[in-house]
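Student:
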Amino acid sequence: MIILVINAGSSSVKFTCFDMSGEKKVLAGGLIERIGIEGTSMKYTNNKGDVIKAEVAVKDAQEAVKLISENLIDPKHGVLKSLDEVKAIGHRVVHGGEKITDPVLIDDSVKATIRDCFSIAPLHNPPNLTGIEACEAVFPGVPNVGVFDTAFHSTMPPHAFLYGIPYDLYEEHKIRRYGFHGTSHAYVSRQAAALLGSKPEDVKVIVCHLGNGGSISAVDGGKCQDTSMGLTPLEGLIMGTRCGDMDPAIVWNVMNIKKLDTAGIDSFFNKKCGMLGLAGINSSDLRDIEEAHLAGNKQCTQALETYAYRIKKYIGAYMAALGGLDILAFTAGVGENSNTMREMVLKGMAGLGFKLDKDKNDVRSPEARFINASDSRIKIAVIPTDEEQEIAGQTLAIVSKK
Ligand code: AMP
Numbered sequence: 001m002i003i004l005v006i007n008a009g010s011s012s013v014k015f016t017c018f019d020m021s022g023e024k025k026v027l028a029g030g031l032i033e034r035i036g037i038e039g040t041s042m043k044y045t046n047n048k049g050d051v052i053k054a055e056v057a058v059k060d061a062q063e064a065v066k067l068i069s070e071n072l073i074d075p076k077h078g079v080l081k082s083l084d085e086v087k088a089i090g091h092r093v094v095h096g097g098e099k100i101t102d103p104v105l106i107d108d109s110v111k112a113t114i115r116d117c118f119s120i121a122p123l124h125n126p127p128n129l130t131g132i133e134a135c136e137a138v139f140p141g142v143p144n145v146g147v148f149d150t151a152f153h154s155t156m157p158p159h160a161f162l163y164g165i166p167y168d169l170y171e172e173h174k175i176r177r178y179g180f181h182g183t184s185h186a187y188v189s190r191q192a193a194a195l196l197g198s199k200p201e202d203v204k205v206i207v208c209h210l211g212n213g214g215s216i217s218a219v220d221g222g223k224c225q226d227t228s229m230g231l232t233p234l235e236g237l238i239m240g241t242r243c244g245d246m247d248p249a250i251v252w253n254v255m256n257i258k259k260l261d262t263a264g265i266d267s268f269f270n271k272k273c274g275m276l277g278l279a280g281i282n283s284s285d286l287r288d289i290e291e292a293h294l295a296g297n298k299q300c301t302q303a304l305e306t307y308a309y310r311i312k313k314y315i316g317a318y319m320a321a322l323g324g325l326d327i328l329a330f331t332a333g334v335g336e337n338s339n340t341m342r343e344m345v346l347k348g349m350a351g352l353g354f355k356l357d358k359d360k361n362d363v364r365s366p367e368a369r370f371i372n373a374s375d376s377r378i379k380i381a382v383i384p385t386d387e388e389q390e391i392a393g394q395t396l397a398i399v400s401k402k
């Protein structure tokens, strides 16, 4: 069965075309960027090794999806004979609020829920919905499935998702922790159990998803118990450009200092903070910051230590929340690739049961693998995430049921 996975952002559409029959494989994938702005570009690759890069004129998501469809059936580099082969489309949707707790077939009521969450996910939900509507137009009659970033975290108990604010703000306005990156946390926590040779039901896992955005989750028996992102993806770890946890009083203090209104302060804490702000080298990319640290830049060293310390604190907190731990899993751009950061996070944690094997930690590999010493009480692993595959799998499960 052919399943197309779409991740529609504000000015980009990312796509992956899977053949899910038998051994699941990627047939083609790519990205259209700078949609509606000058210099729109498309990258398309297929499983025959063709790589097509082109400057294209694409004014909106519908034109982008049309272009993707044309490439998929292109006589030279296409991978399908006809678009009729596409049996379902899985969409990454960021916010499903409290109503959506599982992947769902998209209908008018699901679209209304996505729209209801525009105010708490203004950067993500509107383009996610536009992507769905574009697919409805370009692939009429093909079922669309929404796979929500928040869904995996819907099992969090109230003591983990409530904030210390008046209860009516939760009851009437749904101000609570939702959590994000759920598709990745679901996939990686399941893979972590598999790496241990156990069932997800029997395992306590902490997943550190450290990418440009970062979040950490505590998973017990396959169910999320807590996660670091909150009402929005701003809370929790220090990220590429987002501040993560801080005293709420900093908000109005910085608004006064920088003379910012609410839109200005929102953008400031999302785009100008995190490692970009702390390291001071005009880059949020951990590779650049690590390079500057190795070259002796003290501010970068301090920024990396602060980033690592925040992760360390969450690991300790989540071990307490779970009442123990079987495996700690690192994933996403930083988690999968930065041996330096993994070492900084785990430094001084032997007393809690973590012993890193330095040689294993230094190996670069695309495989899921253990990096702990043989006498480490708690297993430590690097597990590459694959959100697209997870979305394709969840989409398949929904349309198969139908
Ligand atoms: P993601 O959001 O998961 O795609 O992760 C992207 C981020 O991963 C980049 O911004 C980098 O900061 C980080 N990253 C990727 N490769 C490395 C590496 N080798 N060392 C350190 N950080 C890396």
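In terms of this note's numbering, the sequence shown has 324 at position 324, counting the first letter as 1, and numbering is strictly consecutive. Glycine included, every Cβ here is placed at the ideal spot set by N, Cα and C.
Taking Cβ to Cβ, would you say Ser12 is nearer than 8 Å to Gly36?
Tutor: Here residue 12 is taken as the residue at index 12 of the sequence shown, counted from 1. Here residue 36 is taken as the residue at index 36 of the sequence shown, counted from 1. No, Cβ-Cβ distance for Ser12 and Gly36 is not below 8 Å.
Student: With a threshold of 8 Å, are at least 3 pairs of Cβ atoms found where one atom belongs to the segment 53-66 and the other to the segment 74-83?
Tutor: Judged by Cβ distances under 8 Å, the segment 53-66 makes no contact with the segment 74-83, as fewer than three pairs qualify.
Student: Who are the Cβ neighbours of Ile125 in its own chain at under 8 Å, not counting the five residues just before and after it?
Tutor: Your numbering for residue 125 matches position 125 in the sequence shown. Note on residue identity: the sequence assigns Asn, not Ile, to residue 125. Here the set comprises Val93, Val94, His95, Ile114, Arg115, Cys117, Phe118.
Student: For Lys25, does the count of other Cβ atoms within 10 angstroms reach 16, so buried, or fall short, so exposed?
Tutor: The residue labelled residue 25 in the question sits at position 25 within the sequence shown. Exposed is the call here.
Student: Looking at C-beta atoms only, is the number of pairs between the segment 299-315 and the segment 209-224 that lie closer than 8 Å three or more?
Tutor: Touching, yes.
Student: Confirm, please, whether the CB-CB distance from Leu31 to Asn46 is below 8 Å.
Tutor: Residue 46 sits at position 46 when you count from the first residue of the sequence shown. Residue 31 sits at position 31 when you count from the first residue of the sequence shown. In this structure, Leu31 does not lie closer than 8 Å to Asn46 by Cβ.
Student: On the DSSP bridge assignment, give the partners of Glu70 in chain order.
Tutor: Sequence index remark: in the sequence shown, residue 70 carries index 70 (1-based). BP columns for Glu70 are empty, so no partner.
Student: Taking only the alpha-carbon atoms, compute the straight-line gap between Gln299 and Asp386 and give it to the nearest angstrom.
Tutor: Indexing the sequence shown from 1 puts residue 299 at position 299. Indexing the sequence shown from 1 puts residue 386 at position 386. Whole-angstrom Cα-Cα distance: 33 Å.
Student: Per DSSP, which residues does Tyr44 bridge with? Please list them.
Tutor: Residue numbering aside, residue 44 sits at position 44 when the sequence shown is read from its first letter. According to DSSP, Tyr44 bridges with Gly30, Ile52.
Student: Kindly provide the chain-ordered list of residues whose Cβ lies closer than 6 Å to any non-hydrogen atom of the ligand AMP.
Tutor: Result (chain order): Gly211, Asn212, Gly240, Asp285, Leu286, Arg287, Glu290, Ala332, Gly333, Val334, Asn337, Ser338.
Student: Any chance the segment 225-241 sits against the segment 148-164, with 3 or more Cβ pairs inside 8 Å?
Tutor: Judged by Cβ distances under 8 Å, the segment 225-241 makes contact with the segment 148-164, as three or more pairs qualify.
Student: CA-CA distance, Met20 and Gly316?
Tutor: For the purposes of this step, residue 20 is identified with residue 20 of the sequence shown, where counting begins at 1. For the purposes of this step, residue 316 is identified with residue 316 of the sequence shown, where counting begins at 1. So the alpha carbons of these two residues sit roughly 39 Å apart.
Student: Going by beta-carbon coordinates alone, are Asp107 and Leu196 separated by less than 8 Å?
Tutor: As a working mapping, residue 107 is identified with position 107 in the sequence shown. As a working mapping, residue 196 is identified with position 196 in the sequence shown. No, these two residues do not count as a Cβ contact at 8 Å.
Student: Going by CA-CA distance only, name the one from Val207, His209, Arg190, Leu210 that's closest to Glu201.
Tutor: Along the sequence shown, read from residue 1 onward, the residue named residue 201 stands at position 201. Cα-wise, what sits closest to Glu201 is Arg190.
Student: For a test of the three-state rule: what should DSSP assign to Leu105, helix, strand or coil?
Tutor: Position 105 of the sequence shown holds residue 105. Residue state, collapsed to three classes: strand.
Student: In whole angstroms, give me the CA-to-CA distance for Leu346 and Met1.
Tutor: Walking along the sequence shown from the start, residue 346 turns up at place 346. Walking along the sequence shown from the start, residue 1 turns up at place 1. Each residue's Cα considered, the two are about 43 Å apart.
Student: Could you check how far apart the C-beta atoms of Leu123 and Ile398 are, in whole angstroms? I think they sit under 8 Å.
Tutor: Taking the sequence shown and counting its residues from 1, one reaches residue 123 at position 123. Taking the sequence shown and counting its residues from 1, one reaches residue 398 at position 398. The pair is not a contact, with the Cβ atoms about 26 Å apart (cut-off 8 Å).
Student: Out of Cys208, Lys355, Asp359, which has the shortest C-alpha to C-alpha gap to Ile378?
Tutor: Within the sequence shown, the letter at position 378 stands for residue 378. Nearest option by C-alpha distance: Lys355.
Student: For Ser10, name the three-state secondary structure that DSSP assigns.
Tutor: Locating residue 10 in the sequence shown gives position 10, where the first residue counts as 1. Of the three classes helix, strand and coil, the one that applies to Ser10 here is coil, per DSSP.
Student: Could you give the residue range of the alpha helix (DSSP H) that holds Thr150?
Tutor: Numbered from 1 along the sequence shown, position 150 holds the residue referred to as residue 150. Unbroken run through Thr150: none, as it is neither H nor E.
Student: Between the Cα of Gly351 and those of Lys312, Phe139, Glu235, Gly274, spot the shortest distance and give me the residue it belongs to.
Tutor: Mapped onto the sequence shown, residue 351 falls at position 351. Nearest of Lys312, Phe139, Glu235, Gly274 to Gly351, Cα basis: Lys312.
Student: Identify every residue that forms a DSSP beta bridge with Gly90.
Tutor: Stepping through the sequence shown from its first residue, residue 90 is reached at position 90. For Gly90, which the question treats as bridged, DSSP gives the partners Val5, Val145.
Student: Do the segment 246-262 and the segment 364-382 touch if we need at least three Cβ pairs shorter than 8 Å?
Tutor: Taking 8 Å as the limit for Cβ pairs, the verdict is that the segment 364-382 does not touch the segment 246-262.
Student: Which whole-angstrom value is the C-beta distance of Ala61 and Pro127, which I expect to be below 8 Å?
Tutor: Residue 61 sits at position 61 when you count from the first residue of the sequence shown. Residue 127 sits at position 127 when you count from the first residue of the sequence shown. Their Cβ separation, rounded to whole angstroms, is 7 Å, which keeps Ala61 and Pro127 in contact under 8 Å.
Student: Could you compute how far the alpha carbon of Ser374 sits from the alpha carbon of Gly333?
Tutor: Here residue 374 refers to the residue found at position 374 when the sequence shown is read from its first residue. Here residue 333 refers to the residue found at position 333 when the sequence shown is read from its first residue. Rounded to whole angstroms, Ser374 to Gly333 spans 26 Å at the Cα level.
Student: Is any heavy atom of the ligand GTP found at a distance shorter than 7 Å from the C-beta of Gln62?
Tutor: Ligands displayed in this structure: the ligand AMP; the ligand GTP is not among them.
Student: On the CB-based measure, 16 or more other CB atoms within 10 Å of its CB, does Thr262 come out buried or exposed?
Tutor: By 1-based counting over the sequence shown, the position of residue 262 is 262. Exposed, because fewer than 16 other Cβ atoms sit within 10 Å of the Cβ of Thr262.
Student: Would you mind stating whether Val203 and Ala193 have Cβ atoms separated by less than 8 Å?
Tutor: Residue numbering aside, residue 203 sits at position 203 when the sequence shown is read from its first letter. Residue numbering aside, residue 193 sits at position 193 when the sequence shown is read from its first letter. Contact flag set, yes.
Student: Should Arg364 be labelled buried (16 or more other beta-carbon atoms within 10 Å of its own) or exposed?
Tutor: For the purposes of this step, residue 364 is taken as residue 364 along the sequence shown, with counting starting at 1. Answer is exposed; the Cβ neighbour count stays below 16.
Student: Between which residues of its own chain and Gly131 is the CB-CB distance below 8 Å, once the five residues before and five after are set aside?
Tutor: Within the sequence shown, the letter at position 131 stands for residue 131. Around Gly131: Ile6, Asn7, Ala8, Val13, Ala61, Val65, His91.
Student: I want to know whether the segment 175-185 touches the segment 279-293 - three or more CB-CB distances under 8 Å.
Tutor: The segment 175-185, when compared against the segment 279-293, does not touch it at the 8 Å Cβ threshold.
Student: Can you tell me where the alpha helix (DSSP H) with Cys273 in it begins and where it stops?
Tutor: Against the sequence shown, residue 273 aligns to sequence position 273. Counting along the chain, Cys273 falls outside any alpha helix (DSSP H), and DSSP gives it neither H nor E.
Student: Distance, Cα to Cα, Glu98 vs Lys174?
Tutor: Against the sequence shown, residue 98 aligns to sequence position 98. Against the sequence shown, residue 174 aligns to sequence position 174. Roughly 8 Å separates the two Cα atoms.
Student: According to DSSP, which residues form a beta bridge with Asp326?
Tutor: Stepping through the sequence shown from its first residue, residue 326 is reached at position 326. In DSSP, Asp326 forms no bridge with anything.
Student: On the DSSP bridge assignment, give the partners of Asn128 in chain order.
Tutor: On the sequence shown, residue 128 is found 128 positions in, with the first residue counted as 1. Paired residue(s): none; Asn128 is not in a bridge.
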